[in-house]
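First up is the structure itself, then whatever we jot down about it.
Protein chains: 2
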Amino acid sequence: MNANLIRHAVHLAAILGLYLSGAMLIPAFVDLYYGHPDWQVFAVTAFMTGAISSTTFMATRSGPPPFSKKFGFLVVNVLWLVFSIVGAIPLWLSSVNLDFAQAFFESVSAVTTTGSTVIVGLDDAPPGLLLWRSLLSWLGGIGIVVLGLFIIPYLRVGGMSFFKMESSDTGDKPFARLASFGRAFLVIYVSITLLCAISYGVLGMSRFDAVNHAMTTVATGGFSTHDASFGYFASIPLFWASTFFMALCSLPFSILIVLFVRGRLDALRDPQIIVFLGYLTAFSVAVATYHRLANGVEFHLALTHAFFNVTSLLSTTGYASEDYSLWGPFVVMVAFICTFIGGCSGSTAGGMKAYRFVVLFNAIRSALNKLVYPNAIYAVRYGKNTVDADVQRAILLFFITYILLWVFGSLVMGALGYDFITAVSSVITCLSNVGPGLGSLVGPAGNFATFEDAELYLLSLLMLLGRLEVLTVLVVLTPVFWRQ
Amino acid sequence: MNANLIRHAVHLAAILGLYLSGAMLIPAFVDLYYGHPDWQVFAVTAFMTGAISSTTFMATRSGPPPFSKKFGFLVVNVLWLVFSIVGAIPLWLSSVNLDFAQAFFESVSAVTTTGSTVIVGLDDAPPGLLLWRSLLSWLGGIGIVVLGLFIIPYLRVGGMSFFKMESSDTGDKPFARLASFGRAFLVIYVSITLLCAISYGVLGMSRFDAVNHAMTTVATGGFSTHDASFGYFASIPLFWASTFFMALCSLPFSILIVLFVRGRLDALRDPQIIVFLGYLTAFSVAVATYHRLANGVEFHLALTHAFFNVTSLLSTTGYASEDYSLWGPFVVMVAFICTFIGGCSGSTAGGMKAYRFVVLFNAIRSALNKLVYPNAIYAVRYGKNTVDADVQRAILLFFITYILLWVFGSLVMGALGYDFITAVSSVITCLSNVGPGLGSLVGPAGNFATFEDAELYLLSLLMLLGRLEVLTVLVVLTPVFWRQ
Ligand SMILES: [K+]
Ligand SMILES: [K+]
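Residue numbers (this note's numbering), protein chains in the order written: chain Y, 220 to 703; chain L, 220 to 703.
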């Protein structure tokens, strides 16, 4: 039984491999265009990946896959693992000197849209390699939205069942509607990316930089083509353009579809959108005010940098306009807290996510009321809907499991000799798929180049755990899952 | 209606005031015995407190109190506030130079059995003042156990309803049984204190030090009579004696009663005791091993100091044998994590508490199993009992509310200019009623003397929140509570 499930999962992974081998031709052509010898690495890897994938595809062909929740969990994990490994191969073989653990970390960081890097000297890195990182991020972003809109809700992970398409959305032909919904998403995702690239180009980026940054902005990935990250451009209009697109891509794509396809502006009155934009504004204004008062920065500059960096952290993009950890202890604390929170579900953003906070605060309020008036009925609401007890519990458990993973990860990093702030911030920045942490090593001015192989594998696992809503990965690691 | 509730609550507070005015005579006599002029402060304060309390007692006398959950919450808050304020008065008026905010902080720290201090120069402080701090801690310990065994479970706060006496325990005369249970507790509490004081005396402490440290050990308070804390004594037998008594008083007193009164050793096979002793041993051995390897300390010394300091943190006592934050990053991380965890419910220990972790881990396991096999039934168990959905939710909400308070507190401390590690550790050490934090300011070698008044009030509020299981205080701060 398990063998059959694995066979089918590998079959689907082979299809993914075929797509990826095709995608590798893009950086191959780019390196060829710019005259960089690394085009051969991409061409050879594309050929190898294509050959292995098609052989595997043939070898594992059989009847229709056995749909079950168990199969769903298995497929999600296998696909993301294969995605990461295949993505790592050209990075490993390229002229930039990475060992496999580093290439794997970089690839996981890309496909999970984390954006932490082990590469120093991005400004002089081969263009094909830079594009491959951005492309992996961009494709990872698609994978995450598809997962968040179509798969995780049906697997009932972390209270996401709440966002299952309602019958009114899917009509009487659910699969046909899902397919048209999927097409609409792709059109919007590509359109926003183009719009973002054009904006960046018009506002002064080179064509190559504009395309790369547009891809990692829309995916809220945060990879840059410069060691100084987005701060390299030092342009206020560019900062605001990026802030807009980072925030936009932290909103649920299901709502963006309703907004752009049906033109319904009222779709934005979603509880998690209101809460997300609310805390984004609150943190940004607080940081700007503090930056103005503590460091005497002009208010319009303080506001620009505050909105840019806070949006970058909350959208889990991870760009930095400058080293905000030097602005003062309050900003360090805000950055640390923002690294946990994240954006909306059904977007490319990571973190704990806004809708869970909506449910959490309503649950706390209901519990306090119930303590005083035990016989009164206080429903926990999400907008107009009542959140049932099972979903509430799933959401509460998600929060705690998330925190526990952070605690265990930090403990291990502490045992490996990292100081307190590096340990706690490197673990949460990976788990939340943000990118930068705090401290001299992994802060906005640092990177992960000095980490040992074992540490990189641990952090890679954390990125995958966070990206797949934690429980999707944990469940596959339980013995019960593999019982016949 | 509310006015009537407040009147009855104040009446009970007046009774507490009378007891406290009596207790003040003890440090008065001690100062008189040691020939310290502060005896007058205690004598005058005792007289004033007695006079005000008896007047208030008379003025608020009326029919029997209106038993309701609302009244219960109000009484608990009023009693602890009055306890803190009355305890602060002699500290404020004494020859040690404290302003009221400092005296209030010191008193809250005592009655909540936290043990953080703003006094520098304990070795030369007046004996009456030292004894008053220890006595407040010791009385606070009684208050906490009574609260945890008899009141909080009935108020259904944070999943504690689980520990309501079962009908088999209380028989058909619940109040009579509760009274005899209460007497048994007092006898055991006093006996353990005496035993602890005698052990300390036999092992080399002066009589005064032995009495003071016994009181703050049994209350898991952690106030010392020396700036160097327990490390002043530098005696391995004393460290182990203290480790034993700290761990003992972190166990549920309901179980200690069954153990000592009925002689039933099997009572120790309680899930939360097993889990508490389990993580205590695991952390201690890990720290000892690390200390041995990283700092080359002889293993038996490493083991002694590891067990002493880890037990001190987990029991939320807060003694330090030396500055363990210098042992290395792993120990800093362990100390930080231990500050959250705490001991068993129904003991004098604070923190999140072991039984909640028992339920949490079973809830996570059940949730993971349910993800794969949605139709199977996986009950969440605590020992032989099934934990119902409401209690599970209360426990999960407790964890998250606790974390949120820590986050908000840290944010405020960051805004007030404290560095990351001082901010996050001072807030959690107050919330968990542990005592020492991390960093040069509030670490095991530091104290809270340099904090501003507003900061001391904030930290005092956190200590009270933590001590009263968070929701007991929060509920009184909601508008719904005061609605007629
Ligand atoms: K990111
Ligand atoms: K304590």
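Cβ coordinates follow ideal geometry from the N, Cα and C atoms, glycine included.
Practice problem: Could you tell me whether any non-hydrogen atom of ligand 1 is closer than 7 Å to the CB of T536(Y)? | Solution: Reading the first sequence from its first residue, position 317 is the one you call residue 536(Y). T536(Y) Cβ: within cutoff of ligand 1.
Self-check item: Collapsed DSSP secondary structure at I594(Y) in the structure displayed
Solution: Locating residue 594(Y) in the first sequence gives position 375, counting from the first residue. Inspection of the sequence shows that residue 594(Y) is occupied by Asn rather than by Ile. It is coil, neither helix nor strand.
Exercise. Spell out the partners DSSP gives N206(Y) in its beta bridges.
Key: Absent from the structure is residue 206(Y), since the part of chain Y shown begins at 220 and ends at 703.
Exercise. For F700(L), collect the residues of the same chain with a Cβ closer than 8 Å to its Cβ; drop the 5 residues on either side in sequence, then sort them by chain order.
Key: The residue given as residue 700(L) occupies position 481 in the second sequence. The residues are K289, F292 and V694.
Practice problem: Output, in sequence order along the chain, the residues in the region 618–640 of chain Y whose CB is closer than 7 Å to any CB in chain L. | Solution: F618, I619, T620, I622, V626, S629, L630, G633, A634, G636, Y637, D638, F639 and I640
Quiz item: At which residues does the alpha helix (DSSP H) containing R686(Y) begin and terminate?
Solution: Position 467 of the first sequence, counting from 1, holds the residue named residue 686(Y). For R686(Y), the enclosing alpha helix (DSSP H) starts and ends at D672 to R686.
Quiz item: Is there at least one non-hydrogen atom of ligand 1 closer than 7 Å to the beta-carbon of L295(Y)?
Solution: Start at 1 with the first residue of the first sequence, and residue 295(Y) comes out as number 76. For the record, residue 295(Y) in the displayed sequence is Val; it is not Leu. Every heavy atom of ligand 1 is 7 Å or more from the Cβ of V295(Y), so no.
Quiz prompt | Where N581(L) falls: helix, strand or coil (DSSP) | solution = Looking up residue 581(L) in the second sequence gives position 362. The answer is helix: DSSP assigns N581(L) an H, G or I state.
Quiz item: Taking buried to mean at least 16 other C-beta atoms within 10 Å of its own C-beta, is P256(Y) buried or exposed?
Solution: For the purposes of this step, residue 256(Y) is taken as residue 37 along the first sequence, with counting starting at 1. It is exposed - the Cβ of P256(Y) has fewer than 16 other Cβ atoms within 10 Å.
Self-check item: Cβ-based contacts, 7 Å cut-off: residues of the region 523–552 of chain Y near chain L
Solution: Within the region 523–552 of chain Y, the residues whose Cβ lies closer than 7 Å to some Cβ of chain L are P548, F549, V551 and M552, listed in chain order.
Quiz item: If we ignore side chains and look at the alpha-carbon of each, how far apart do W299(L) and Y509(Y) end up?
Solution: Residue 299(L) sits at position 80 when you count from the first residue of the second sequence. Residue 509(Y) sits at position 290 when you count from the first residue of the first sequence. One C-alpha to the other measures close to 36 Å.
Exercise. Determine the direct distance from the alpha carbon of W625(Y) to that of A447(Y), and round the result to whole angstroms.
Key: On the first sequence, position 228 is the one that residue 447(Y) refers to. On the first sequence, position 406 is the one that residue 625(Y) refers to. When rounded, the distance between both Cα atoms is 28 Å.
Quiz item: Going straight from the alpha carbon of T535(Y) to that of Y451(L), what length do you get?
Solution: Here the question's residue 535(Y) lines up with position 316 in the first sequence. Here the question's residue 451(L) lines up with position 232 in the second sequence. Taking the straight line from one Cα to the other gives about 49 Å.
Quiz item: Can you find a C-beta in chain B that's less than 8 Å from the C-beta of A598(L)?
Solution: You won't find chain B in this structure, because its protein chains are Y and L.
Quiz item: From the beta carbon of T697(Y), is the nearest beta carbon of chain L less than 8 Å away?
Solution: Here the question's residue 697(Y) lines up with position 478 in the first sequence. Yes, T697(Y) counts as interfacial toward chain L.
Quiz item: Which of helix, strand or coil does DSSP assign to C649(Y)?
Solution: Along the first sequence, one-based indexing puts residue 649(Y) at 430. Correct three-state label for C649(Y): helix.
Self-check item: Endpoints, the alpha helix (DSSP H) within which H510(Y) is located
Solution: On the first sequence, position 291 is the one that residue 510(Y) refers to. Segment P490 to N514, the alpha helix (DSSP H) holding H510(Y).
Self-check item: Whole-Å CB distance - S335(Y) paired with T648(Y), under 8 Å assumed
Solution: The count along the first sequence starts at 1 and reaches residue 335(Y) at position 116. The count along the first sequence starts at 1 and reaches residue 648(Y) at position 429. Between T648(Y) and S335(Y) the Cβ distance is about 7 Å, and since that is below 8 Å, they are a contact.
Quiz item: Can you find a heavy atom of ligand 1 that lies under 7 Å from the Cβ of V653(Y)?
Solution: Within the first sequence, the letter at position 434 stands for residue 653(Y). Answer for V653(Y): yes, Cβ within range of ligand 1.
Practice problem: Kindly confirm or deny that the region 338–346 of chain L and the region 246–261 of chain L touch, where touching means at least three C-beta pairs closer than 8 Å. | Solution: yes
Exercise. Using beta-carbon positions only, say whether L616(Y) and A582(L) come within less than 8 Å of one another.
Key: Against the first sequence, residue 616(Y) aligns to sequence position 397. Against the second sequence, residue 582(L) aligns to sequence position 363. For L616(Y) and A582(L), yes; Cβs fall inside 8 Å.
Quiz item: Cβ atoms of I493(L) and L470(L): under 8 Å apart, would you say?
Solution: Taking the second sequence and counting its residues from 1, one reaches residue 470(L) at position 251. Taking the second sequence and counting its residues from 1, one reaches residue 493(L) at position 274. Going by C-beta atoms, L470(L) is not nearer than 8 Å to I493(L).
Self-check item: Proximity test, Cβ basis, 8 Å: P593(L) and chain Y
Solution: Here residue 593(L) is taken as the residue at index 374 of the second sequence, counted from 1. So yes, P593(L) belongs to the interface.
Self-check item: Among F527(Y), Y637(Y) and E688(Y), the one whose alpha carbon lies nearest that of G570(Y)
Solution: Here residue 570(Y) corresponds to residue number 351 of the first sequence, with the count starting at 1. The residue with the shortest Cα to Cα distance from G570(Y) is E688(Y).
Practice problem: Report the option in L678(Y), I370(Y) and V409(Y) whose CA atom is closest to the CA atom of F670(Y). | Solution: In the first sequence, counting from the first residue as 1, residue 670(Y) sits at position 451. The residue with the shortest Cα to Cα distance from F670(Y) is L678(Y).
Quiz item: Thinking C-alpha only, which one of I619(L), Y621(L) and S645(L) is nearest S629(L)?
Solution: Within the second sequence, numbered from 1, the residue matching residue 629(L) stands at position 410. The shortest Cα separation from S629(L) among I619(L), Y621(L) and S645(L) belongs to S645(L).
Quiz item: Would a check of beta-carbon distances place A608(Y) closer than 8 Å to chain L?
Solution: Numbered from 1 along the first sequence, position 389 holds the residue referred to as residue 608(Y). Yes, its Cβ sits closer than 8 Å to a Cβ of chain L.
Quiz item: Would you report the Cα separation of F518(Y) and V553(L), rounded to the nearest angstrom?
Solution: One-based indexing of the first sequence puts residue 518(Y) at position 299. One-based indexing of the second sequence puts residue 553(L) at position 334. So the two alpha carbons sit approximately 41 Å from each other.
Practice problem: Report yes if the CB atom of G360(Y) is closer than 8 Å to the CB atom of T691(Y), and no otherwise. | Solution: Reading the first sequence from its first residue, position 141 is the one you call residue 360(Y). Reading the first sequence from its first residue, position 472 is the one you call residue 691(Y). Cβ atoms of G360(Y) and T691(Y): not closer than 8 Å.
Quiz prompt | Rounded separation between L681(Y) and G685(L) - CA only | solution = Residue 681(Y) sits at position 462 when you count from the first residue of the first sequence. Residue 685(L) sits at position 466 when you count from the first residue of the second sequence. If you take the alpha carbons of L681(Y) and G685(L), they lie about 31 Å apart.
Quiz item: Which word fits F627(Y), buried or exposed, when buried means at least 16 other C-beta atoms lie within 10 angstroms of its C-beta?
Solution: For the purposes of this step, residue 627(Y) is taken as residue 408 along the first sequence, with counting starting at 1. It counts as exposed.
Quiz prompt | Candidates A505(L), T412(L) and Y597(L), of which the one nearest T435(L) by Cα | solution = For the purposes of this step, residue 435(L) is taken as residue 216 along the second sequence, with counting starting at 1. Ranking the options by Cα distance to T435(L), first place goes to T412(L).
Exercise. Show which residues of chain L have a CB atom less than 9 Å away from the CB atom of K288(Y).
Key: Residue numbering aside, residue 288(Y) sits at position 69 when the first sequence is read from its first letter. Result: L590, V591, Y592 and P593.
Exercise. At 8 Å on the CB atoms, spell out the chain Y contacts of V694(L), in chain order.
Key: If you number the second sequence from 1, residue 694(L) lands on position 475. Chain Y residues near V694(L): L587, L590 and V591.
Quiz item: Can you round the beta-carbon distance between Y419(L) and A433(L) to whole angstroms, since I take them to be within the 8 Å contact cut?
Solution: Along the second sequence, one-based indexing puts residue 419(L) at 200. Along the second sequence, one-based indexing puts residue 433(L) at 214. That belief holds up - the Cβ atoms of Y419(L) and A433(L) are roughly 6 Å apart, short of 8 Å.
Quiz item: Does the distance from the CB of F276(L) to the CB of H227(L) come in under 8 Å?
Solution: Locating residue 276(L) in the second sequence gives position 57, where the first residue counts as 1. Locating residue 227(L) in the second sequence gives position 8, where the first residue counts as 1. With respect to the 8 Å criterion, F276(L) and H227(L) are not classified as neighbours on the basis of their beta carbons.
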